[in-house]
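Peer 1:
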Amino acid sequence: METLPDDVLLMVLDELEDDADVLACRLVCRRLAAVTLLPAVWRDRVICYSEPRCVCPVLRLAPCLYKLNVNLPAAGCRQSAYASTRCAASRLWINVDGTAHTSHAAAIICRQEALGRLRRVFIQIDTKTAPDVPMLLGTLASTPRLEKLRVVCVGEENDPLPTTPAAVLGSAVVTSSLRKFRCNLFPLTEPFVRFILSEHAATLEEVDLRNSSPSLTFTSTAPLLAAVTNLTKLTCCCLPGMEALTACKSLGVLDLTVHTDSLYRPAVAGVAKLLRRAEQLREVKLEYEPAVRSLADVGAELVSALASSGRSRVETLRISNYTLDLVENFPLLQPVVSALPSLSALRRLKLDENESKPDALLLAINPDVAPSLQRVEVWLGKGICAHAWIHGDTVKTVLSVNPSLHLILDPMKVACNDDERCQACELDCHDEMKNERYWFIPCVFSHDPLAECPEDHLPDSCERWIYLPL
Numbered sequence: 002m003e004t005l006p007d008d009v010l011l012m013v014l015d016e017l018e019d020d021a022d023v024l025a026c027r028l029v030c031r032r033l034a035a036v037t038l039l040p041a042v043w044r045d046r047v048i049c050y051s052e053p054r055c056v057c058p059v060l061r062l063a064p065c066l067y068k069l070n071v072n073l074p075a076a077g078c079r080q081s082a083y084a085s086t087r088c089a090a091s092r093l094w095i096n097v098d099g100t101a102h103t104s105h106a107a108a109i110i111c112r113q114e115a116l117g118r119l120r121r122v123f124i125q126i127d128t129k130t131a132p133d134v135p136m137l138l139g140t141l142a143s144t145p146r147l148e149k150l151r152v153v154c155v156g157e158e159n160d161p162l163p164t165t166p167a168a169v170l171g172s173a174v175v176t177s178s179l180r181k182f183r184c185n186l187f188p189l190t191e192p193f194v195r196f197i198l199s200e201h202a203a204t205l206e207e208v209d210l211r212n213s214s215p216s217l218t219f220t221s222t223a224p225l226l227a228a229v230t231n232l233t234k235l236t237c238c239c240l241p242g243m244e245a246l247t248a249c250k251s252l253g254v255l256d257l258t259v260h261t262d263s264l265y266r267p268a269v270a271g272v273a274k275l276l277r278r279a280e281q282l283r284e285v286k287l288e289y290e291p292a293v294r295s296l297a298d299v300g301a302e303l304v305s306a307l308a309s310s311g312r313s314r315v316e317t318l319r320i321s322n323y324t325l326d327l328v329e330n331f332p333l334l335q336p337v338v339s340a341l342p343s344l345s346a347l348r349r350l351k352l353d354e355n356e357s358k359p360d361a362l363l364l365a366i367n368p369d370v371a372p373s374l375q376r377v378e379v380w381l382g383k384g385i386c387a388h389a390w391i392h393g394d395t396v397k398t399v400l401s402v403n404p405s406l407h408l409i410l411d412p413m414k415v416a417c418n419d420d421e422r423c424q425a426c427e428l429d430c431h432d433e434m435k436n437e438r439y440w441f442i443p444c445v446f447s448h449d450p451l452a453e454c455p456e457d458h459l460p461d462s463c464e465r466w467i468y469l470p471l
């Protein structure tokens with residue numbers, strides 16, 4: 002053992018999955034005891050137990066970790082161990098549940114920041130702890146060198162998010178370092194979000210404000226977003242003044258939740274201006290809450306706005322307009338079809354509405370209308386067998402007219418059960434669709450599999466390619 006090089010011993014220790022087994026190797030001999038505590042042994046390890054388990058030995062002995070997961074209150078472990086450890090993690094994941102633990106979370110963050118390796122923080126906060134949330138947000142805001150920060154505030158259905166703004170930051174000053182930031186925006190967190198957007202404007206690339214409370218009072222957020230120098234991706238609801246983002250020339254991906262109550266018409270009008278002017282956009286997603294039911298509803302004009310300039314360079318367009326009552330409702334079908342000739346760069350399209358048959362959209366597609374289109378995501382609702390559908394006339398017609406097109410299916414039923422087979426499922430074909438042991442996405446194409454194509458047609462973790470020769 003004494004003559005073996007460190008690299009060999011490190012390879013052996015790397016095979017041990019249980020941290021307790023690694024630490025137990027210290028008792029074998031002096032040589033292994035020294036190697037066991039080298040940073041190389043621990044820098045890729047994650048402390049994440051689904052069941053309560055004491056991690057104090059690791060926190061006391063390990064020099065570093067890849068990620069440290071903490072649930073507060075910490076069952077089976079001394080909470081002080083997290084705040085006094087010398088084990089430096091590069092990623093920190095904290096779930097705070099209960100009014101007495103917000104200060105513990107802040108202490109853990111401060112300790113990891115002092116150890117110098119911390120670069121990413123994810124924290125989930127139960128909003129029943131609202132009185133202490135500003136202090137915790139202030140700690141996060143003043144933590145230097147972070148590259149990725151995700152803050153999620155959650156509440157039960159009968160425990161709504163707090164609505165009282167709170168100043169949390171005082172005179173905190175940090176050097177811009179964040180590249181990715183996610184936080185749900187509501188009155189309690191707005192000062193924190195403003196601070197992050199302002200102080201990290203020089204480095205931020207992706208901002209995610211999903212699951213935020215829609216409010217016309219957040220008037221400063223859009224101008225701050227527009228000032229983020231290298232913003233490439235934005236996820237948010239329709240904020241007041243979003244037309245200011247036209248000036249953000251790096252913005253390529255826009256993921257919008259469109260609140261369609263009449264109260265938000267002014268904010269949505271600003272988004273329409275942005276979509277008309279922002280030629281830099283490459284990917285747009287519109288998710289309507291609640292769904293629009295007619296072209297007169299708030300937000301229905303956004304598809305037309307995107308295409309109105311004739312200069313759009315959007316390559317991916319995804320639209321979700323579901324109604325909870327599942328009644329057939331597809332008011333955006335015609336605007337999307339009408340917009341296609343003006344979206345000449347469009348390569349990927351998805352339109353989800355309460356429509357039992359997707360034929361109308363597919364039959365409107367041809368190379369003259371959508372010359373660049375390569376992928377169309379198709380939702381197949383209740384009662385539609387995907388296997389039978391790909392044998393139908395619509396698929397044959399669409400693929401014969403558009404030989405380079407790929408249909409990405411989202412079916413409620415991939416194939417029929419053995420005891421109730423349809424005519425297509427009785428055929429001896431497409432066995433891959435009848436194997437339902439694993440969830441997968443059926444993807445249909447008809448061109449020569451060996452022809453040059455942006456899609457590699459290789460099976461991955463979820464997509465299963467089905468060649469359908471015509």
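Residue numbers (the working numbering): 2 to 471.
Where a beta carbon is used, it is the ideal one built from N, C-alpha and C, also for glycine.
Within the same chain, show all residues whose beta-carbon is closer than 8 Å to that of Arg-277, passing over the 5 residues directly before and after it, in chain order.
Peer 2: Residue mapping note: residue 277 aligns to position 276 of the sequence shown, counting from 1. For Arg-277, where only same-chain residues beyond five positions count, the Cβ hits under 8 Å are Ala-306, Leu-307, Ser-309 and Ser-310.
Peer 1: If you count every other CB in all the chains shown that lies within 10 Å of the CB of Gln-113, and 16 or more means buried, which is it?
Peer 2: Sequence index remark: in the sequence shown, residue 113 carries index 112 (1-based). Buried, since its Cβ has 16 or more Cβ neighbours within 10 Å.
Peer 1: Pick out whichever of Pro-443, Ala-108 and Ala-340 has its Cα sitting closest to the Cα of Leu-362.
Peer 2: For this step, residue 362 is matched to residue 361 along the sequence shown. When each option's Cα is compared against that of Leu-362, the closest is Ala-340.
Peer 1: Got a sec? Which residues, its chain only, sit under 8 Å from Ala-34 by beta carbon, not counting five neighbours each side?
Peer 2: Within the sequence shown, the letter at position 33 stands for residue 34. Result list for Ala-34: Cys-26, Arg-27 and Leu-28, in chain order.
Peer 1: Closest to Pro-412 by C-alpha separation, out of Leu-381, Val-338 and Cys-454, would be which residue?
Peer 2: The sequence position of residue 412 within the sequence shown is 411, counting from 1. Minimum Cα distance to Pro-412 is reached at Leu-381.
Peer 1: Tell me which residue opens and which closes the beta strand (DSSP E) that Ala-90 is part of.
Peer 2: To locate residue 90, count along the sequence shown from 1; it is residue 89. Its beta strand (DSSP E) spans residues 89–97.
Peer 1: Only counting runs of 4 or more residues, tell me where the alpha helix (DSSP H) segments fall wholly within the region 239–285, in order along the chain.
Peer 2: List check, alpha helix (DSSP H) in window: 266–278.
Peer 1: Tell me whether Tyr-323 sits in a helix, a strand or coil according to DSSP, three-state version.
Peer 2: For this step, residue 323 is matched to residue 322 along the sequence shown. If DSSP states are grouped into helix, strand and coil, Tyr-323 belongs with coil.
Peer 1: Roughly how many angstroms separate the alpha carbons of Ala-416 and Cys-444, rounded to a whole number?
Peer 2: One-based indexing of the sequence shown puts residue 416 at position 415. One-based indexing of the sequence shown puts residue 444 at position 443. So the alpha carbons of these two residues sit roughly 14 Å apart.
Peer 1: How many Å lie between Leu-5 and Val-97 at the Cα?
Peer 2: The residue you call residue 5 lines up with position 4 of the sequence shown. The residue you call residue 97 lines up with position 96 of the sequence shown. In a straight line, the C-alpha of Leu-5 is about 45 Å away from that of Val-97.
Peer 1: Would a C-beta distance cut-off of 8 Å place Phe-331 and Asn-355 closer than the cut-off?
Peer 2: Position 330 of the sequence shown holds residue 331. Position 354 of the sequence shown holds residue 355. Yes.
Peer 1: Between the region 217–224 and the region 184–196, do at least 3 Cβ pairs fall closer than 8 Å?
Peer 2: The region 217–224 vs the region 184–196: in contact.
Peer 1: Contact defined as beta carbons within less than 8 Å: I believe Asn-231 pairs with Glu-206. What is the distance between those atoms, to the nearest angstrom?
Peer 2: For this step, residue 231 is matched to residue 230 along the sequence shown. For this step, residue 206 is matched to residue 205 along the sequence shown. That belief holds up - the Cβ atoms of Asn-231 and Glu-206 are roughly 5 Å apart, short of 8 Å.
Peer 1: One question on the structure: do Leu-252 and Leu-225 come within less than 8 Å of each other, judged by their Cβ atoms?
Peer 2: Residue mapping note: residue 252 aligns to position 251 of the sequence shown, counting from 1. Residue mapping note: residue 225 aligns to position 224 of the sequence shown, counting from 1. Result no, Cβ atoms of Leu-252 and Leu-225 do not sit closer than 8 Å.
Peer 1: Find the nearest neighbour of Val-304 within the set Ala-273, Ala-292 and Glu-284, judged by alpha-carbon distance.
Peer 2: Here residue 304 is taken as the residue at index 303 of the sequence shown, counted from 1. Per the Cα distances, Ala-273.
Peer 1: Do Ile-95 and Val-71 count as a contact pair if the criterion is CB distance below 8 Å?
Peer 2: Working through the sequence shown from its first residue, we reach residue 71 at position 70. Working through the sequence shown from its first residue, we reach residue 95 at position 94. For Val-71 and Ile-95, yes; Cβs fall inside 8 Å.
Peer 1: With a threshold of 7 Å, establish whether the CB of His-392 neighbours any heavy atom of the ligand COA.
Peer 2: The model on display carries no ligand, and the ligand COA is accordingly not part of it.
Peer 1: Using the three-state DSSP reduction, which class does Ile-391 fall into: helix, strand or coil?
Peer 2: Taking the sequence shown and counting its residues from 1, the one referred to as residue 391 is at position 390. In the structure shown, Ile-391 sits in a helix (DSSP, three-state: H, G or I).
Peer 1: Cα separation between Pro-267 and Thr-144?
Peer 2: Locating residue 267 in the sequence shown gives position 266, counting from the first residue. Locating residue 144 in the sequence shown gives position 143, counting from the first residue. Going by the C-alpha atoms only, they are around 37 Å apart.
Peer 1: Tell me, which residues are paired with Leu-287 by DSSP?
Peer 2: Indexing the sequence shown from 1 puts residue 287 at position 286. Per DSSP, Leu-257 and Ile-320.
Peer 1: Buried or exposed: where does Met-12 fall if 16 or more other Cβ atoms within 10 Å of its Cβ makes it buried?
Peer 2: In the sequence shown, residue 12 corresponds to position 11, counting from 1. Its Cβ having fewer than 16 others within 10 Å, Met-12 is exposed.
Peer 1: Which of helix, strand or coil does DSSP assign to Gln-335?
Peer 2: Within the sequence shown, residue 335 is the residue found at index 334, counting from 1. DSSP places Gln-335 in helix when its eight states are reduced to three.
Peer 1: Give a yes or no on whether the C-beta atoms belonging to Arg-314 and Glu-280 are separated by under 8 Å.
Peer 2: Numbered from 1 along the sequence shown, position 313 holds the residue referred to as residue 314. Numbered from 1 along the sequence shown, position 279 holds the residue referred to as residue 280. Yes, the pair counts as a contact, with Cβ atoms nearer than the cut-off.
Peer 1: Around the Cβ of Cys-154, are there at least 16 other Cβ atoms within 10 angstroms (buried) or fewer (exposed)?
Peer 2: The sequence position of residue 154 within the sequence shown is 153, counting from 1. Cys-154 should be labelled buried.
Peer 1: Sorted by chain position, which residues of the same chain lie with C-beta nearer than 8 Å to Ile-467's C-beta, five sequence neighbours on each side aside?
Peer 2: As a first step, residue 467 must be located in the sequence shown, where it is residue number 466. Counting only Cβ-Cβ distances below 8 Å, and skipping sequence neighbours, we find Ile-391, His-431, Glu-433, Met-434, Pro-443, Cys-444, Val-445 and Phe-446.
Peer 1: Report the option in Leu-240, Leu-235, Thr-261 and Thr-258 whose CA atom is closest to the CA atom of Lys-250.
Peer 2: The count along the sequence shown starts at 1 and reaches residue 250 at position 249. The shortest Cα separation from Lys-250 among Leu-240, Leu-235, Thr-261 and Thr-258 belongs to Leu-235.
Peer 1: Of the residues Tyr-323, Pro-132 and Val-175, which one's Cα is nearest the Cα of His-102?
Peer 2: Here the question's residue 102 lines up with position 101 in the sequence shown. Comparing Cα positions, the closest option is Pro-132.
Peer 1: I'd like the ranges of any beta strand (DSSP E) spanning at least 3 consecutive residues and lying wholly in the region 367–449.
Peer 2: For the region 367–449, whole beta strand (DSSP E) runs of length 3 or above, ordered along the chain, are 376–386, 407–414 and 442–446.
Peer 1: Buried or exposed for Pro-241, going by 16 or more other Cβ atoms inside 10 Å?
Peer 2: Numbered from its first residue, the sequence shown carries residue 241 at position 240. By the neighbour-count rule (16 or more Cβ atoms within 10 Å), Pro-241 is buried.
Peer 1: Under a three-way DSSP split, which group does Val-175 fall into?
Peer 2: Stepping through the sequence shown from its first residue, residue 175 is reached at position 174. Coil.
Peer 1: Considering only the alpha carbon of each residue, which of Gln-375, Ala-21 and Leu-116 lies closest to Arg-349?
Peer 2: The residue labelled residue 349 in the question sits at position 348 within the sequence shown. It is Gln-375 whose Cα lies nearest to the Cα of Arg-349.
Peer 1: Rank Ala-425, Leu-469 and Ser-214 by C-alpha distance to the C-alpha of Leu-404 and give the top, closest one.
Peer 2: Taking the first residue of the sequence shown as position 1, residue 404 is located at position 403. Checking the sequence shown, residue 404 turns out to be Pro, not Leu. Closest by alpha carbon: Leu-469.
Peer 1: Whole angstroms are fine: how far does the CA of His-105 sit from the CA of Glu-464?
Peer 2: Counting from 1 along the sequence shown, the entry for residue 464 is found at position 463. Counting from 1 along the sequence shown, the entry for residue 105 is found at position 104. Whole-angstrom Cα-Cα distance: 43 Å.
Peer 1: So, for Val-337: in the same chain, excluding its five sequence neighbours on each side, which residues have a beta-carbon less than 6 Å away from its beta-carbon?
Peer 2: Within the sequence shown, numbered from 1, the residue matching residue 337 stands at position 336. Contacts found: Val-304 and Leu-352.
Peer 1: Would you kindly check if the distance between the Cβ of Val-122 and the Cβ of Leu-93 is under 8 Å?
Peer 2: For the purposes of this step, residue 93 is taken as residue 92 along the sequence shown, with counting starting at 1. For the purposes of this step, residue 122 is taken as residue 121 along the sequence shown, with counting starting at 1. Yes. Within cutoff.
Peer 1: Going by alpha carbons, who is nearest to Pro-291 out of Gly-384, Thr-247 and Asp-262?
Peer 2: Mapped onto the sequence shown, residue 291 falls at position 290. When only C-alpha atoms are compared, the closest one is Asp-262.
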